[in-house]
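To convert, take the position in the sequence shown, counting from 1, and add 675; that gives the numbering used here. All C-beta atoms, glycine included, are put in the ideal place defined by N, C-alpha and C. The structure appears below as structure tokens.
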Amino acid sequence: MTDRLSTIVTKSGDQGSTSLADGQRLCKSHPRIGAMGDIDELNSHIGLLITALQGMKQREVPAHLRLLSSIQHALFDLGSELAVPGFNALSPTIVTTLEASIDTMLQQLPPLREFILPGGCHQAAQAHICRSVSRRAERSLVLLNREEPVSDLSLQLLNRLSDYFFVLARELNRLNEYQDIFWQKNER
């Protein structure tokens, strides 16, 4: 493997622009750069979730860790699509894998009859953060798609991720023997 990042401090962005992988320069406030940043932030939160899961002893955890690692790689693929407009790197396998994982977890969970609040065990709370950041990343990608087309698969991936992290948070509470926190309407 060659050195990809031999120079970190380039000073080329000091005036508020940055380069895409194809050499094109964009303002750092461009929707493409915003989407890339939100996806990067999501990937960082997933890294924190992986760290939190590594301390759990339940037998289901290794499968979650493998899928979370696959998600991180898919998000890097998505980042490469954004860094090179028109390039396709995502595989539809990640979306079908997420859907299968959601279905499997839902079989273990009681049906929801009320909204739940983010929280429970530490790992579930971190999964809820991943859920909310994935929703923001999706909104950023939708905004970009209004100006410049992105792949349908990229939009599907981020939409599925918010569903996945919601169900994963509930599953992590179940595995850690925590109850979901149900929203209670304020009776005034």
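query	result
Specify, as a first and last residue, the run of the alpha helix (DSSP H) that TYR839 falls within.	827 to 850
Taking the straight line between their C-alpha atoms, what separation do you get for SER687 and ARG700?	Note that SER687 has pLDDT 49, beneath the 50 cutoff, so the model's placement of it is unreliable and the number below is only indicative. Taking the straight line from one Cα to the other gives about 10 Å.
Based on Cα-Cα distance, which residue from TRP858, ARG821, LEU828, SER809 lies nearest to TYR839?	SER809
Nearest CA to the CA of LEU723: which residue from ARG788, LEU765, GLN747?	GLN747
Give me the Cβ distance between SER826 and GLU756, rounded to the nearest whole Å; I'm assuming they're in contact under 8 Å.	6 Å
Quick test of your reading: GLN733 and VAL770, contact by CB under 8 Å. State the CB separation rounded to the nearest angstrom.	About 26 Å; that fails the 8 Å criterion.
Is it buried or exposed for ARG835, if we count other Cβ within 10 angstroms and need 16 for buried?	buried
State buried or exposed for GLU823, treating a residue as buried only when at least 16 other CB atoms are found within 10 Å of its CB.	exposed
Using CA coordinates, which residue listed in LEU792, ASP713, HIS739 is at the minimum distance from HIS803?	LEU792
What do you get for PHE841, buried or exposed, if any count of 16 or more other CB atoms within 10 angstroms of its CB means buried?	buried
Can you say whether ASN861 is buried or exposed, counting buried as having 16 or more other CB atoms within 10 angstroms of its CB?	exposed
With a CB to CB cut of under 6 Å and the five nearest residues on each side skipped, what residues in its chain are close to ASP713?	ARG811, ALA812, SER815
Comparing C-alpha positions only, which one of ASP855, ASN851, PHE857 sits nearest to GLU735?	ASN851
Considering just the uninterrupted stretch of the alpha helix (DSSP H) at HIS739, what are its terminal residues?	736 to 758
Out of SER776, ILE777, ARG845, VAL759, which has the shortest C-alpha to C-alpha gap to HIS797?	ARG845
In three-state DSSP terms, what is LEU717?	helix
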